[in-house]
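K.L.:
In our numbering, the protein residues as written are 8 to 631. We treat Cβ as the ideally placed atom computed from N, Cα and C, and that holds for glycine.
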Amino acid sequence: MPSSLDLLLLSLAILIMGIGLVKIFCIIRSGRPERCLKGPGYLIAYLLNHKTILRKPVVGILHVVVFWGCLLPIMIIILAQTRLIMPGLLSCIISVLLDIVGILFLAAAIIIFIRRATSKDNIGQKVSLLPILILIMILITGFMIEGIRLGIVMPENLWVSPIGYCLSFIFPASPLLMQIMIRIHLYLFILLIALIPFTFFRHLIISPLNIIFKKQGNRGELRPVSYEGAPGSNHVGEFSWKQILEIEACVSCGRCEESCPAFISGKPLSPKKIVKAIHEIAVSGKNMSLDSCILPDEIWSCTTCMACVEACPVYVVPLDKVVEIRRYLTMGKGELPIEARPMIRSLELYGDVNGKGVSHKAEWAMNRGVKVTRPDERDVEIVIWTGCSGAFHPRYQEVSRALVTILQKAGINFRILGANELCCGDPARRLGDEELFISLAKKNLKTLREHNVNRIITLCPHCFNTLKNEYPWMETDGNHKFEVIHASQYVMGLIENKIITPVYPLQKKVTLHDPCYLGRGNDIYDPLRGIVKSIPGVRFEELARSKEKGFCCGGGGGGMWLHENLGKRLNIIRSEEISEKGVDVVCTACPYCQTMISDGISGLELERPPQVLDIIEVVERALR
Numbered sequence: 008m009p010s011s012l013d014l015l016l017l018s019l020a021i022l023i024m025g026i027g028l029v030k031i032f033c034i035i036r037s038g039r040p041e042r043c044l045k046g047p048g049y050l051i052a053y054l055l056n057h058k059t060i061l062r063k064p065v066v067g068i069l070h071v072v073v074f075w076g077c078l079l080p081i082m083i084i085i086l087a088q089t090r091l092i093m094p095g096l097l098s099c100i101i102s103v104l105l106d107i108v109g110i111l112f113l114a115a116a117i118i119i120f121i122r123r124a125t126s127k128d129n130i131g132q133k134v135s136l137l138p139i140l141i142l143i144m145i146l147i148t149g150f151m152i153e154g155i156r157l158g159i160v161m162p163e164n165l166w167v168s169p170i171g172y173c174l175s176f177i178f179p180a181s182p183l184l185m186q187i188m189i190r191i192h193l194y195l196f197i198l199l200i201a202l203i204p205f206t207f208f209r210h211l212i213i214s215p216l217n218i219i220f221k222k223q224g225n226r227g228e229l230r231p232v233s234y235e236g237a238p239g240s241n242h243v244g245e246f247s248w249k250q251i252l253e254i255e256a257c258v259s260c261g262r263c264e265e266s267c268p269a270f271i272s273g274k275p276l277s278p279k280k281i282v283k284a285i286h287e288i289a290v291s292g293k294n295m296s297l298d299s300c301i302l303p304d305e306i307w308s309c310t311t312c313m314a315c316v317e318a319c320p321v322y323v324v325p326l327d328k329v330v331e332i333r334r335y336l337t338m339g340k341g342e343l344p345i346e347a348r349p350m351i352r353s354l355e356l357y358g359d360v361n362g363k364g365v366s367h368k369a370e371w372a373m374n375r376g377v378k379v380t381r382p383d384e385r386d387v388e389i390v391i392w393t394g395c396s397g398a399f400h401p402r403y404q405e406v407s408r409a410l411v412t413i414l415q416k417a418g419i420n421f422r423i424l425g426a427n428e429l430c431c432g433d434p435a436r437r438l439g440d441e442e443l444f445i446s447l448a449k450k451n452l453k454t455l456r457e458h459n460v461n462r463i464i465t466l467c468p469h470c471f472n473t474l475k476n477e478y479p480w481m482e483t484d485g486n487h488k489f490e491v492i493h494a495s496q497y498v499m500g501l502i503e504n505k506i507i508t509p510v511y512p513l514q515k516k517v518t519l520h521d522p523c524y525l526g527r528g529n530d531i532y533d534p535l536r537g538i539v540k541s542i543p544g545v546r547f548e549e550l551a552r553s554k555e556k557g558f559c560c561g562g563g564g565g566g567m568w569l570h571e572n573l574g575k576r577l578n579i580i581r582s583e584e585i586s587e588k589g590v591d592v593v594c595t596a597c598p599y600c601q602t603m604i605s606d607g608i609s610g611l612e613l614e615r616p617p618q619v620l621d622i623i624e625v626v627e628r629a630l631r
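As structure tokens, this is what we get:
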């Protein structure tokens, strides 16, 4: 029976834990309002499959063992106390199972301790050693108590506790020693309870909450800016409560860092460092500004590729914090990088990133039999959203024309908006100029509403993501809804339905580069591969870093207009990976990717450089 001292210490530990948790929740509550709820059902599914955690097999298996090592004994104790498990064969089997789970739990905890103790990472790894060590001691003392107990009572069925039985030969059958070990075991457990809010063990409570309140929508969708106070965030309280919850849920595992192209290439950005810097300010209680510990070079190194978001096992979104700080730098301080300012000025004056003027936006389609929407035209079924690159970039105009050829051969009736199509606003928004984005978006939405457009086909994944995920929350007319589909999806549908059939063979070795905003942003991978495999004669080779693990070209997040002076250029890294495959053709489905990879391959000065083609061009050539 526990003594009065035991109960007092346990109560004190629970009180300390409660005070710590209340402090954490007060920090979270200090953030701006935000609505989001995935639900407890999602948490249960997450815990049962451990899919995200198991992407790193060794660490994932260790986590699974620790998770079930904690959960199973608790469940069995509850069942035993409610007499749902009665003495007999079943209880004996469960006892053996508990011993096996316990020893696996102990082994996993020791391995985790060694990994963290020997880690070169100074952020988050070393500070987690104490609670892990306490956990190991709790497990060891638990087995010791069982071994001493069996030595004292010597029950008939010793086989039901194999670990304890083995230890009974090592430790003396001393009731006094057993009482001492029970006290040590209990006090270690009480200490661990008190430490939960102040160590990385807080993720036992905070991370499940973050999963329950997981951000809604696709990864490519940015949160709308709040205009209550200064734009963007330069203080912890200027983030939403959900963003602060994510900061508290971070366990410093480093997966975001390992996946971040900017970090890999030697740039100053570390998603983990950004999150931990914000966390340190939050727990300090000081009203420190974020720019006092987060440098602009870190913020502008991000390509918004979402690799960090994809990698995080507890759904922390470092990208949102980066964009909030960009909004502060751009709109609050006017410190947009100089090299990006001409592009922003072009958007303000002409409505496109090139400064050509939207009055010329239909010139690429001259003499192609392409119809431009008339001012009085209503109920337009299909519109090709050309995008700035598709309308003005000489190389990507060829892709626009290739799509037109495919649709005309398929007998599809479509229109383009011509001078009424402004830039979707993605470059401005990713660089932090939310006001300009909203201005462009409202004008485009007005045009789409006036023509009652039903379906939009885009060539650019950035246009696709913006129109599909970010325009709807600004659409005030609930009666007007439009479908947005990427050209690769639409063309793949034409092939699957045998409306078009690629017949001319491409006797070449081909690989694919997944655009970030098509892949990680919107989980679209299969149409690209389906198209390539439908072309006769193609020998398809998958890149090592593909699909969810795809490596960014460096063009997103405004990277097309920023100088990449720090670290190694991302397009060079990706181009080297492609060249090592020895392919003849690399296909992509994004104007940024095509430009960046083409430049990267040119910079390698290869004897036989691979040809860079858009997936739409490959189909169009196979139809000739």
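Given this structure, state the Cα-to-Cα distance separating E428 from K588, to the nearest angstrom.
P.N.:
Taking the first residue of the sequence shown as 1, we reach residue 428 at position 421. Taking the first residue of the sequence shown as 1, we reach residue 588 at position 581. Answer to the nearest angstrom: the Cα atoms are 39 Å apart.
K.L.:
My understanding is that A372 touches I423, with C-beta atoms under 8 Å, so please give their C-beta distance in whole angstroms.
P.N.:
Your numbering for residue 372 matches position 365 in the sequence shown. Your numbering for residue 423 matches position 416 in the sequence shown. Contact flag correct, Cβ pair sits at about 6 Å.
K.L.:
List the DSSP bridge partners of E490.
P.N.:
Numbered from its first residue, the sequence shown carries residue 490 at position 483. Paired residues: R462.
K.L.:
Where does G565 land, buried or exposed, given buried means 16+ other C-beta within 10 angstroms?
P.N.:
Within the sequence shown, the letter at position 558 stands for residue 565. Flag for G565 reads buried.
K.L.:
Does S18 pass the burial test, meaning 16 or more other C-beta atoms within 10 Å, or should it be called exposed?
P.N.:
The count along the sequence shown starts at 1 and reaches residue 18 at position 11. Exposed is the call here.
K.L.:
Within 10 Å of its beta-carbon, does W307 have 16 or more other beta-carbons around it, so buried, or fewer, so exposed?
P.N.:
As a position in the sequence shown, residue 307 is number 300, starting the count at 1. By the 10 Å Cβ count, W307 comes out buried.
K.L.:
In the DSSP assignment, what residue or residues form a beta bridge with L620?
P.N.:
Walking along the sequence shown from the start, residue 620 turns up at place 613. Note: L620 sits in a beta bridge opposite C594.
K.L.:
Would you kindly work out how many angstroms separate the C-alpha atoms of F643 and G154, rounded to a whole number?
P.N.:
Outside the displayed span of the chain (8 to 631) sits residue 643, for which this structure offers no information.
K.L.:
Are the Cβ atoms of F238 and R352 separated by less than 8 Å?
P.N.:
Residue 238 sits at position 231 when you count from the first residue of the sequence shown. Residue 352 sits at position 345 when you count from the first residue of the sequence shown. One detail in the question is off: residue 238 reads as Pro in this sequence, not Phe. No, they are not a contact pair.
K.L.:
Compare the C-alpha of E305 against each of I187, A20, L573 and Y357 and name the closest.
P.N.:
As a working note, residue 305 is residue 298 in the sequence shown. Looking at the Cα atoms, L573 is the closest of the given residues.
K.L.:
Is the separation between the beta-carbon of F196 and that of L174 shorter than 8 Å?
P.N.:
Against the sequence shown, residue 196 aligns to sequence position 189. Against the sequence shown, residue 174 aligns to sequence position 167. Contact flag unset, no.
K.L.:
Should H281 and V329 be called a contact, given that it needs their Cβ atoms to be closer than 8 Å?
P.N.:
Translated into the one-based positions of the sequence shown, residue 281 becomes position 274. Translated into the one-based positions of the sequence shown, residue 329 becomes position 322. The identity of residue 281 in the sequence shown is Ile, whereas the question assumes His. In this structure, V329 lies closer than 8 Å to I281 by Cβ.
K.L.:
Report the CB separation of A284 from C260 in whole angstroms; it is logged as a contact under 8 Å.
P.N.:
Mapped onto the sequence shown, residue 284 falls at position 277. Mapped onto the sequence shown, residue 260 falls at position 253. In fact, because the Cβ distance is near 17 Å, the residues do not count as touching under 8 Å.
K.L.:
Grouping DSSP H, G and I as helix and E and B as strand, with all else coil, what is L419?
P.N.:
One-based indexing of the sequence shown puts residue 419 at position 412. Going by the sequence as given, residue 419 is Ile instead of Leu. In this structure, I419 counts as coil in the three-state DSSP scheme.
K.L.:
Could you say which of V593, L613 and E614 lies nearest to I604 if we only look at CA atoms?
P.N.:
The sequence position of residue 604 within the sequence shown is 597, counting from 1. When only C-alpha atoms are compared, the closest one is V593.
K.L.:
Identify which residue in E548, E549, E405 and I35 has its Cα closest to the Cα of V290.
P.N.:
As a working note, residue 290 is residue 283 in the sequence shown. Of the listed residues, the one whose Cα sits closest to V290 is I35.
K.L.:
Taking Cβ to Cβ, would you say E627 is nearer than 8 Å to T412?
P.N.:
Numbered from 1 along the sequence shown, position 620 holds the residue referred to as residue 627. Numbered from 1 along the sequence shown, position 405 holds the residue referred to as residue 412. Taking 8 Å as the Cβ cut-off, E627 and T412 qualify as a contacting pair.
K.L.:
From the DSSP output, in three-state form, read off R385 for me.
P.N.:
Along the sequence shown, one-based indexing puts residue 385 at 378. In this structure, R385 counts as coil in the three-state DSSP scheme.
K.L.:
Can you have a look at D327 and say buried or exposed, based on whether 16 or more other CB atoms are within 10 angstroms of its CB?
P.N.:
Against the sequence shown, residue 327 aligns to sequence position 320. Burial call: buried.
K.L.:
According to DSSP, T646 sits in a beta bridge with which residue or residues?
P.N.:
The displayed coordinates of the chain run from 8 to 631. Any statement about residue 646 would go beyond what the structure contains.
K.L.:
Tell me whether M481 is buried or exposed, calling it buried when 16 or more other Cβ atoms sit within 10 Å of its Cβ.
P.N.:
As a position in the sequence shown, residue 481 is number 474, starting the count at 1. Exposed.
K.L.:
Can you list, in chain order, the residues of its chain whose CB lies under 6 Å from that of G397, leaving out five sequence neighbours each side?
P.N.:
The residue labelled residue 397 in the question sits at position 390 within the sequence shown. If we look at G397 and ignore the five residues flanking it on each side, its Cβ neighbours are Y403, S407 and L466.
K.L.:
May I ask you to report which of helix, strand or coil DSSP gives K575?
P.N.:
For the purposes of this step, residue 575 is taken as residue 568 along the sequence shown, with counting starting at 1. Here K575 sits in coil by DSSP.
K.L.:
Excluding the five sequence neighbours on either side, which residues of its own chain have a C-beta within less than 6 Å of the C-beta of K515, listed in chain order?
P.N.:
Working through the sequence shown from its first residue, we reach residue 515 at position 508. Around K515: D591 and V592.
K.L.:
With the cut-off set at 8 Å, would you say V4 and H458 are in Cβ contact?
P.N.:
In the structure as shown, the chain begins at 8 and stops at 631. Residue 4 is therefore absent and cannot be evaluated.
K.L.:
Does the Cβ of P349 have 16 or more other Cβ atoms within 10 Å, making it buried, or fewer, making it exposed?
P.N.:
Counted from its first residue, the sequence shown places residue 349 at position 342. Exposed, by the Cβ-count rule.
K.L.:
Closest by CA to L105, which one among K540, F220, W75 and M499?
P.N.:
The residue labelled residue 105 in the question sits at position 98 within the sequence shown. Nearest option by C-alpha distance: W75.
K.L.:
Three-state secondary structure (DSSP) at I119?
P.N.:
Counting from one through the sequence shown, the residue named residue 119 turns up at place 112. Residue state, collapsed to three classes: helix.
K.L.:
Should V491 be counted as a contact of the ligand SAH given a C-beta to heavy atom distance under 7 Å?
P.N.:
Looking for the ligand SAH in the displayed structure turns up nothing, as the structure carries no ligands at all.
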